[in-house]
Structures are given as C-alpha cells and as structure tokens.
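One structure below.
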Amino acid sequence: MKTLLEITKSGMDVAQRGLETTSNNIANVNTEGYSRQRLVTNPLFSRNGQFFDGLGVRVTDVEQLRDFRINNAIYQKNQELSYLKIKSNTYSQLEASFITNSGNDLDSRVSTFLSTFGDLAANPASLDIRNKVINDAEQMIDTFNNLHNSISNQRKTIAEDVESLVGIVNKQLNDIASLNEQIKQFYVNKRSTNGLIDKQTLKVNELSKLLNLDVHRTQEGQIDLSIKGISVLSGTKVHELYLANDTSSDQINVRLTQGGQGVDLDEGELGAYIQLFNNEMPDLESDLNDFSTQIMQQVNNLHTSGVGRNDSASRSFFELEDTNPNKLIINQEILSDIGNIAAEDPNEVNASGNGFIAQQIADLKDIELLNGYKPTEFAIQFISEPGTKLHALQNNVELRTSELDLLKSQDQQVSGVNMDEELSKMIQYQQAYQGAAKIMQSAQLMYQSLMSILD
Amino acid sequence: MRITQQTIFDGFMKHINENRAEMHDLQQDIASGKKISKASDDPLKFKRARLLQEQIREKEGYQNRINTARNTLDIAEQSLQEVINGLIEIKSNVTRAVNGAHDSASFTAIKQELESLKEELVASFNAKDVNGYIFGGVGNDSQPYTIDSNSGSVVSNGSNNSLSLEVDNNLSIDVTQDGNFVRTTKYDDDLASNPSSYRSYLTPRLLDDQGNTATGDTAFTSLEAVDNYLEGFDNLELDITLPDGSSPNPALVYNYSNNDTVNDMISAFNTQLDPLGVNMTFENGTVFVKSQNMGTNQLSVNGFVDNGGNVFTTNFPAFTQQASGEVDQGIDLFDSIDEAIVNLESQNVDALSAQIDQFGELISHVTTHITEIGLTNNRLNFLEEKHENSKILLNAELSGWVDTDYAETVSKLQRTEIAFQSAMTIHTKMFNESLINYL
Numbered sequence: 001m002k003t004l005l006e007i008t009k010s011g012m013d014v015a016q017r018g019l020e021t022t023s024n025n026i027a028n029v030n031t032e033g034y035s036r037q038r039l040v041t042n043p044l045f046s047r048n049g050q051f052f053d054g055l056g057v058r059v060t061d062v063e064q065l066r067d068f069r070i071n072n073a074i075y076q077k078n079q080e081l082s083y084l085k086i087k088s089n090t091y092s093q094l095e096a097s098f099i100t101n102s103g104n105d106l107d108s109r110v111s112t113f114l115s116t117f118g119d120l121a122a123n124p125a126s127l128d129i130r131n132k133v134i135n136d137a138e139q140m141i142d143t144f145n146n147l148h149n150s151i152s153n154q155r156k157t158i159a160e161d162v163e164s165l166v167g168i169v170n171k172q173l174n175d176i177a178s179l180n181e182q183i184k185q186f187y188v189n190k191r192s193t194n195g196l197i198d199k200q201t202l203k204v205n206e207l208s209k210l211l212n213l214d215v216h217r218t219q220e221g222q223i224d225l226s227i228k229g230i231s232v233l234s235g236t237k238v239h240e241l242y243l244a245n246d247t248s249s250d251q252i253n254v255r256l257t258q259g260g261q262g263v264d265l266d267e268g269e270l271g272a273y274i275q276l277f278n279n280e281m282p283d284l285e286s287d288l289n290d291f292s293t294q295i296m297q298q299v300n301n302l303h304t305s306g307v308g309r310n311d312s313a314s315r316s317f318f319e320l321e322d323t324n325p326n327k328l329i330i331n332q333e334i335l336s337d338i339g340n341i342a343a344e345d346p347n348e349v350n351a352s353g354n355g356f357i358a359q360q361i362a363d364l365k366d367i368e369l370l371n372g373y374k375p376t377e378f379a380i381q382f383i384s385e386p387g388t389k390l391h392a393l394q395n396n397v398e399l400r401t402s403e404l405d406l407l408k409s410q411d412q413q414v415s416g417v418n419m420d421e422e423l424s425k426m427i428q429y430q431q432a433y434q435g436a437a438k439i440m441q442s443a444q445l446m447y448q449s450l451m452s453i454l455d
Numbered sequence: 456m457r458i459t460q461q462t463i464f465d466g467f468m469k470h471i472n473e474n475r476a477e478m479h480d481l482q483q484d485i486a487s488g489k490k491i492s493k494a495s496d497d498p499l500k501f502k503r504a505r506l507l508q509e510q511i512r513e514k515e516g517y518q519n520r521i522n523t524a525r526n527t528l529d530i531a532e533q534s535l536q537e538v539i540n541g542l543i544e545i546k547s548n549v550t551r552a553v554n555g556a557h558d559s560a561s562f563t564a565i566k567q568e569l570e571s572l573k574e575e576l577v578a579s580f581n582a583k584d585v586n587g588y589i590f591g592g593v594g595n596d597s598q599p600y601t602i603d604s605n606s607g608s609v610v611s612n613g614s615n616n617s618l619s620l621e622v623d624n625n626l627s628i629d630v631t632q633d634g635n636f637v638r639t640t641k642y643d644d645d646l647a648s649n650p651s652s653y654r655s656y657l658t659p660r661l662l663d664d665q666g667n668t669a670t671g672d673t674a675f676t677s678l679e680a681v682d683n684y685l686e687g688f689d690n691l692e693l694d695i696t697l698p699d700g701s702s703p704n705p706a707l708v709y710n711y712s713n714n715d716t717v718n719d720m721i722s723a724f725n726t727q728l729d730p731l732g733v734n735m736t737f738e739n740g741t742v743f744v745k746s747q748n749m750g751t752n753q754l755s756v757n758g759f760v761d762n763g764g765n766v767f768t769t770n771f772p773a774f775t776q777q778a779s780g781e782v783d784q785g786i787d788l789f790d791s792i793d794e795a796i797v798n799l800e801s802q803n804v805d806a807l808s809a810q811i812d813q814f815g816e817l818i819s820h821v822t823t824h825i826t827e828i829g830l831t832n833n834r835l836n837f838l839e840e841k842h843e844n845s846k847i848l849l850n851a852e853l854s855g856w857v858d859t860d861y862a863e864t865v866s867k868l869q870r871t872e873i874a875f876q877s878a879m880t881i882h883t884k885m886f887n888e889s890l891i892n893y894l
C-alpha cells in the first residue's frame, strides 16, 4: 500500500514539474533567444524475482531543444547580411548627395559650363555671357566640392563608427567570456546551463553581425571565437581588439591589443566599413579628382592659348587652391575682370574679337576625356556609381534576408514555443496530475476501509 | 513541420513590410511623377535618361544659337533692303537728272540728294547687332565703313572673317558678312589684300557624253559638275609658264583617283605650286591660277596636258583659257555714287546716262545677297524645326524611361492595397485562433 502512495506521489511530482516547464515555456513565448524546454522522465522500478515492479516515475532532465548547426548557419548569414546592409546604407546616403531631384547634378553642371562657352563663341563681346561663364564655372566647382565633401564626410563618419564598433566587440567578447565562466561552473556542479546557453547564443548572434567569426563550442558548453585562425576568445581568455589608424597611407585596420597582430575583417559591419574606408571611398575620390583635373587641364590648355578682351596675356582659367590641391578655383585675374576670359584666338589673322577659343572649349564636350567617356558621359557614370552599387547590393540584401528568414524559421521549428502545443501539454500534465490524485483518493479509501475493520 | 506563433508573426511582419515598402514606392512614383529618379532605381535606365537630357540640352543650345544667328541675319537683310531702297532712289535721281534736269540748280539739288543718300547707305553698311558690326567681319569695335574726310570716298576698315555659329553637330554657318562683297559686284579677297597680284584663270566648261565641248560657253557652276567630268581622267598635267619664262620642273601632274573632288585636285596641284609662289583656287565655276606680287611679269596658264601629251588651250576639254591679266573687279557701289556726284557736278548727262545701268546692276547684285541671306534663314528655320522635332522625340523617349505610367502604377497600388488588407485580415483571424479559445 505504501508503494502505491509513493508511485502516485512521483506521478503527481512529475506532472507538477511538467506544468512548471510548460508554464515557463508559455511565459517566455516572446523572449528573444529563448529555446523551449522539455521534461525528460524515466520510469522507476525494482526487481522482484523474475519481474520488474514499477515504482513510479522520476525527472531525469529538463532538456533544451536546440540545433547548434542552425545557429552557426545564422551567424554566417548575419555576417554576410550586415556587411551588405552597411554598404547599402552608405551608398544610399552617397547617392542622395550625388543625385538630386532637380537634376542639377555634376553632368548638367559640366555640360552647362561647356555649353556657355559655346554661347560665348557666338557672342564674344557679351558681358552677360561672360558673367554666366563665371557663374556656371562656380556652380560646377561647387558641385565638385560638394561631391568631395560628401565622400570625405562619409569616410570620417565611417572611421568614427569603426572606433565605437571595436569597443562594442570588446565588450561583447568579455560578456561571452564571463558567460563561459558561469557555464563551466554550472556544468561542473551539474546544474542546468539552459538559461546561460540562451544568453550566450544571443550574445554570439549579436557579435556575428559585427565581424566575421568562426564559432567553436566545447563539450561543456563554452564557446571559443576566432577570426581567420586568430583567436579572440578562448574559454575565459579574451584577446581584445583596437583600431589602428595608419595616417601615412590613410588606411585603417583592426589589430589585437596584445602583440598588435592584424586581423583580416571581411564580413559583418566592421568588414564593410573597413573595405569602404580603405578601398571604395578612395576609388570614388580618385575618379572625381581625375575628372576635375582633366576638365581643368583641357580647359586651361585652350584658355592659355587664347586672349581676353583687354590684353594679349595668356591666362589659365582654373587654378588649384594652395591649401587643398584637389580643389579647383577660378583664376583671380579672371574673377576680378571678366574681360580676361579668353574667347579669342590671337593666331587667326584679320579676326580680332573672334570666339574660336571659346568654341574649342565648348567642343570639349565631344572629346573622349577619361576612359573613353565624353565629359558629360563620365559625369553621369560617376554620379550613378553609388546607385549602381546600391542596386546590386539591394538584390543581394533581399536574397540574404530571405535565406536568414528561412534559417530563423528553421530555428523556430526546433526551438520556438508553440502555444497550442504548450496548452495541450498543460492539459496532458493536468490530467496526469488529476489521474494520480484520483489513485491517491482511492488508496485513501482503501486505507479507510482497512482501518474500519480494525475499529 | 512545427509552426510556432513566432513563425506566423515573423512571416506576417515580413510580408506586411514588403507590402508597405511597395506601397511606399508606388506612392512616391505617383507623387513625384517619376519612376526613375535615382541610379539605384535602375542604373541603366537612369544613365540612359541622363544622356537623353544631355542631348536635349545640346539641341536647346543649338536652338539658342540659331535664334542669335537669325536675329543677326534679319538685321543684315533689313540693312540690305535699305541699301536697295537707297540704290533705287539714287537710280531714279540719276534718271531724273538725265531726263529732266536743265539748270544747274536742279543738278545741285540732285547731287545733294545723292550725297545724303550716300551717307544713309554708309549707315546701312555699318548696321550693328549685339555682337558688333554685321558687315565688318568678326568682332570689330570700330565702324567698318567711314567716309574719308579728304577724298570723300568710302573706306572699308572691316575684316573679312565671318562670325561663325555652330548650329548643329559639326555644322557652322557664317552670320556676319564681309561688306566688301556687297559693295563690289566682283570682289576678290586676294586682290584686295595684294593689289599687285596677278592671275590667270581658266573657265571650266561642260562636256557632252562623247567628251566634246558642249555648245555655247556653258561654264561649270558647281563642284559636282567638275567632279563628274574628272571621272574621265587618269592623270592631268598643268602647263604653265612662270613669270621668268621657265616651265616648272618637274612637271605639275595630278593623278586622278575615283571619288576625288575638285578640291582634291586643287590641293594636289597646290602642293606642287606652293614652292613656285603660285596658288590655284576654284571660285564660282572658275579655276584660278594666281601668283602673288609678280609686278608686270606675267604668269601664263597654257592649259592642261592630257594623257597623249596634247596641250589643250582654247579647246581644252573642260577648261578653257579665258584671259590673262588683271581681273575685272566689277562695279563698286560707293565709287559709282562718287562718280555720279562728280558727273552731276560737271552736268555730264552722257556719263550719267551710262551710269543708270550700273545702278541697275548694283541693285540686282545686292538683291542676290538678300536672296542668299533668305536661303540661309530658310536653312536655319529648317534646322530649328529639326532640333525641335528631335527634342520632342527625345523628350518622349525620356518620358518613357523615367515618367510614371499612372494607369499602371495606380492599378499596381490597388493590387498591393488588396494584398495588404488581406494580409491584415487573415493575420488577425489566424492570431486569434488558439487552443485558449476552447479551454
């Protein structure tokens, strides 16, 4: 009889633990990173002669349902996706400053500037047109400068972002290290590490958005992290990173604080930023510089061979600012007297006051200026560059997002909490409890009947 | 497959966000009227659109220049009309002097009238537009025609270079004119700048199919006619005697090859003539062989030598030696008026009577110039229309690339809206379906 009560009690215990687990699952249904838990039970029995007599049930484990392979695949996709997203955002910002709704962008500025020289050729004496030449040249220069500024500001922001991201990476590494420490202790003390593993997974998930990581999980549940073979976290030992700024080559890279070894970051937000800062932004800058230099040289070549209306001096139209060798300015002599704009070719006999030089400058619109492109074509090509990159990136972002969504959904299939399922479990455990209680009641009745005989 | 509430929620959010993004894009397209406004919308279409805009700007530039050219030509035409009116009045005055003037008072009155008409004509020749004097060549700041205070004759100070405007791709037209060509019926640039130059010239003639000179002295009037004729030659030798009596050594030979133009022939001869101080040109149907600063020594052009070694002079196919010696420069408008004034002063009715025809010739000469201006104006109108048509086509193409097709976009928006609303409805329904409702 005593056994009966014990068996019943163990059943009630298990049902109660089951209800606890279910209630915990339901409570955490919306908790990020939470993996559902399940009770693992085993029957109790004793050997009686040649039979095994049942002695009830016991809880052997509260297991967590999780597939680490899916987690690893998610980390990988995180790196790829956040890399693409950072690039998209940067190019989208650049595009907004390269292309305006008004259409008054570099292409139209260059074209208008050259075309005004065509007007000057038709009317070399006109002061209005000479003023317009200056005005159009200034607007073109402004556009060049704005483009320069937007690229260099973008670079500056990137450098600042990288600095703060490296700080965040170090903090995350330390957090994961202390989780590793706790997990080890819990493991040794045979306590459940479920909650800690959830936290740890969430942290690695966050970190994987920032840089390319190789994740290795030990049997005890600790996580080791490395970047292309260079360890950044081993158990509880963190190798912190710092941002190295090489001012001579104007490049940035990330190194280990101890030993100064460089780490090759090519994925995640940091990978994207470093590539943008070191390669893609400088490429854009050099294209822009080449273009403005070409325009300056071609215009100056012709302009110096011509003469203005006041004297026969040879003057360049554009000059470079002393303090900034990439910045065009208009020759001060021309700014102070628009008569010094050279429209006339002095070598043409009997043609004083001609506009041949102005016409030749206007005709620059049809020469192949850079890489086989005419000036306006190059300008269009240049201002479309961020948009073209963005367009390609957007397609990739969409693709990677879908892949990540699929992985997350697979993760949900294994680890996610299904309310209906949990509620069914609740009914199941509730009924098991009620069943056990009923047996307890019967056993009590049996005891009472037995006791009444003794009375 | 286990589908959790989170899976349903994530899926719902993903689709609802996609729908919202699409609705946002469509709304932007409708509000801005542009489906392509930046390169990331569609890089190829964006670049194409910007190139089209550049082409449109180019056409607008040409149109602006055409308008400038037309204004100048209009003023030129108006001035020449004034010149003709002046000449008609002069002619009628001279005619009146010949027929009706009997006393010195009336001769003096007519003379004074002519003097004032002369001043008016000088003013017409000094017509200006925004760029400066129209009949003074390029960019002259001073009046191209002035009356010399000593001699009273009209002096030309202008240059002979025209202001040329680009009105189409690689097509420039001259909008200012050298007034000397208007002033003188047969004006020669080279002679004007080198009065002592001497020239000999040959007039090309038309040939029939058999190579015989066509009846009458029909001169070639166009390069095409000469080109057609030159097809019959293999090589051609030019026979000239230099002013010192010698012949060029080696001989001047031109090997004709198919598709050569007269200009090719001329430049081939000029390469050989240049070291001899001689120059060949083709002007108004005449091949000129000119030598500069020869004084009284004559350069004689004997003709061409054909394949068989025969020298053709008077009966040379295509080219006939027309004259050697000073070239007739025709009648000068202001000189004629001066002459008439002198004749009126001396009351020389015979001489005045002979001048009536001269003025008639001058009137028809200036009329020819007006006609030429009219032709240029027509050509400009045609070009302007051409640019306008191109612009319309380019704008239409541009619009096709970048403008929102409202019908299409609105119907897309409606479709997306329905999808959005359905997603909302089905989601709230699904999310409410739970075991909780049955417990």
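Sequence order for the protein chains is A and B. With our numbering, the residue at position 118 of the first sequence is 118, and numbering never jumps. Position in the second sequence (first residue = 1) + 455 = our numbering. The beta carbon of each residue, even a glycine, is placed where N, CA and C say it ideally should be.
Asked: According to the Cβ coordinates, are E163(A) and L243(A) closer than 8 Å?; Found: yes
Asked: Using the three-state DSSP reduction, which class does L838(B) fall into: helix, strand or coil?; Found: helix
Asked: State the beta-bridge partners of R541(A) as determined by DSSP.; Found: Outside the displayed span of chain A (1 to 455) sits residue 541(A), for which this structure offers no information.
Asked: For K203(A), which beta-bridge partners are listed by DSSP?; Found: Answer is none; K203(A) lacks a bridge partner.
Asked: Can you tell me whether DSSP reads F875(B) as helix, strand or coil?; Found: helix
Asked: Is there a C-beta anywhere in chain A that falls below 8 Å from the one on N649(B)?; Found: Confidence is the limiting factor: at N649(B) the pLDDT is only 49, short of 50, which leaves the residue's position unreliable and the question unanswerable from this model.
Asked: Would the beta-carbon of A379(A) fall within 8 Å of that of F117(A)?; Found: no
Asked: Within the 8 Å Cβ cut-off, does K493(B) reach chain A?; Found: yes
Asked: Check the DSSP bridge columns for V62(A) and list the partner residues they point to.; Found: L39(A)
Asked: Between the beta-carbon of G33(A) and the beta-carbon of T462(B), is there less than 8 Å?; Found: no
Asked: So if DSSP puts E344(A) in a beta bridge, which residue, or which two residues, is it bridged to?; Found: V307(A)
Asked: Tell me whether the beta-carbon of I530(B) lies closer than 8 Å to the beta-carbon of D584(B).; Found: yes
Asked: Compare the beta carbon distance of L213(A) and Y83(A) with 8 Å and say whether it is the shorter of the two.; Found: no
Asked: With the cut-off set at 8 Å, would you say K171(A) and N78(A) are in Cβ contact?; Found: no
Asked: Helix, strand or coil, according to DSSP, for Y653(B) in the structure here?; Found: Reliability fails at Y653(B), whose pLDDT of 44 lies under 50, so the model's placement of it is uncertain and no value is given.
Asked: Kindly provide the ranges of any alpha helix (DSSP H) runs that are 4 or more residues long and lie completely inside the segment 349-402 of chain A, ordered along the chain.; Found: 356-362
Asked: By the three-class DSSP mapping on this structure, what secondary structure does T640(B) have?; Found: coil
Asked: Show which residues of chain A have a CB atom less than 7 Å away from the CB atom of T459(B).; Found: Q412, G416, V417 and N418
Asked: Could you confirm whether any beta carbon from chain B is found closer than 8 Å to the beta carbon of S312(A)?; Found: no
Asked: Thinking C-alpha only, which one of L5(A), S292(A), E319(A) and K9(A) is nearest V59(A)?; Found: K9(A)
Asked: From the DSSP secondary-structure annotation, give me the bridge partner or partners of N46(A).; Found: One point to set straight first is that residue 46(A) is Ser, not Asn, in the sequence displayed. The partner list for S46(A) (beta bridge, DSSP) reads D53(A).
Asked: For K228(A), is the classification buried or exposed, using 16 other Cβ atoms within 10 angstroms of its Cβ as the cut-off for buried?; Found: exposed
Asked: Have a look at M478(B) and N42(A) and give me their C-alpha separation to the nearest angstrom.; Found: 56 Å
Asked: For the segment 25-38 of chain A, enumerate the residues whose C-beta is nearer than 9 Å to any C-beta of chain B, in chain order.; Found: V29, N30 and R36
Asked: Quick one: which chain B residues come within Cβ less than 9 Å of E403(A)?; Found: Residues of chain B passing the Cβ test: none, with the nearest at roughly 13 Å.
Asked: Kindly indicate if chain A contains any beta-carbon less than 8 Å away from that of R520(B).; Found: yes
Asked: Would a C-beta distance cut-off of 8 Å place F144(A) and S292(A) closer than the cut-off?; Found: yes
Asked: Do A392(A) and R520(B) come within 8 Å of each other at the CB atom, strictly closer than that value?; Found: no
Asked: Measuring alpha carbon to alpha carbon, tell me which of G587(B), A578(B) and V857(B) ends up nearest I602(B).; Found: A578(B)
Asked: I'd like to know whether the C-beta of N850(B) is nearer than 8 Å to at least one C-beta of chain A.; Found: no
Asked: Give me the Cα-Cα distance between L39(A) and G195(A), rounded to the nearest whole angstrom.; Found: 15 Å
Asked: Go through the segment 498-526 of chain B residue by residue and report every complete run of the beta strand (DSSP E) that reaches 3 residues or more, in order.; Found: none
Asked: Buried or exposed: V622(B), going by 16 or more other Cβ atoms within 10 Å of its Cβ?; Found: buried
Asked: Which bits of chain A does I891(B) rub up against, with CB to CB less than 7 Å?; Found: L423
Asked: Closest to K502(B) by CA distance: which of T388(A), D411(A) and D13(A) is it?; Found: T388(A)
Asked: If you draw a straight line from the C-alpha of K514(B) to the C-alpha of A809(B), how long is it?; Found: 53 Å
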